[in-house]
Amino acid sequence: MAQTSGETAAAGGTVPNPLHAYLNALLKRVQAAQERLHNKQQRPAVTIANGSAWSSTTATLWAGEFSKQAAKYVAGVRALNDGVEELLRRTPATCTPEEAARWRAKLGGHGGR
0 MAQTSGETAA AGGTVPNPLH AYLNALLKRV QAAQERLHNK QQRPAVTIAN GSAWSSTTAT
60 LWAGEFSKQA AKYVAGVRAL NDGVEELLRR TPATCTPEEA ARWRAKLGGH GGR
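Just so you know, we're using my numbering here: the sequence shown kicks off at 0 and counts up by one.
Next comes the structure, spelled out in structure tokens:
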């Protein structure tokens, strides 16, 4: 007969790790932000680069600045994504019921839901 989650916990088994769930949810949010950032920068970058936005010395200088700033934002969000992925790799998907209770208390109810 299969054990219920309550029976598993009572028997000293493992339960889903709230930290793992939280990091999964956080990673999805970071990836969504990464996608939005890419999409918002794509059109201006193309129109500035091909000269269809405007053409002048100032436009050329501004295009270079836009590209540099865009690259900084993309690199920052990529680093955040990489950091969360690394934490997720090191965080077990399950833990003891006691550890789960401690993580739920530390996360203040943000258990990845």
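The beta carbon of each residue, even a glycine, is placed where N, CA and C say it ideally should be. All values derive from a computational prediction rather than experimental measurement.
Item, Value
"Beta-ladder partner(s) of residue 93, from DSSP", "15"
"Minimum C-alpha distance to residue 13 - residue among 105, 52, 74, 99", "99"
"Helix, strand or coil at residue 7 according to DSSP, with G and I counted as helix", "Here the model assigns residue 7 a pLDDT of 43, short of 50, so the residue's position is not dependable, and the following value carries that caveat. Note: residue 7 maps to helix in three-state DSSP."
"As assigned by DSSP and simplified to three states, the class of residue 53", "coil"
"Rounded distance between the beta-carbons of residue 94 and residue 16, thought under 8 Å", "4 Å"
"Same chain, Cβ closer than 6 Å to residue 52, five either side skipped, listed in chain order", "46"
"Cβ-based burial, residue 78 [other Cβ within 10 Å; buried from 16]", "exposed"
"Residue 40: CB within 7 Å of a non-hydrogen atom of the ligand FMN", "Absence of the ligand FMN from the depicted structure is noted, as is the absence of any ligand whatsoever, leaving it without description."
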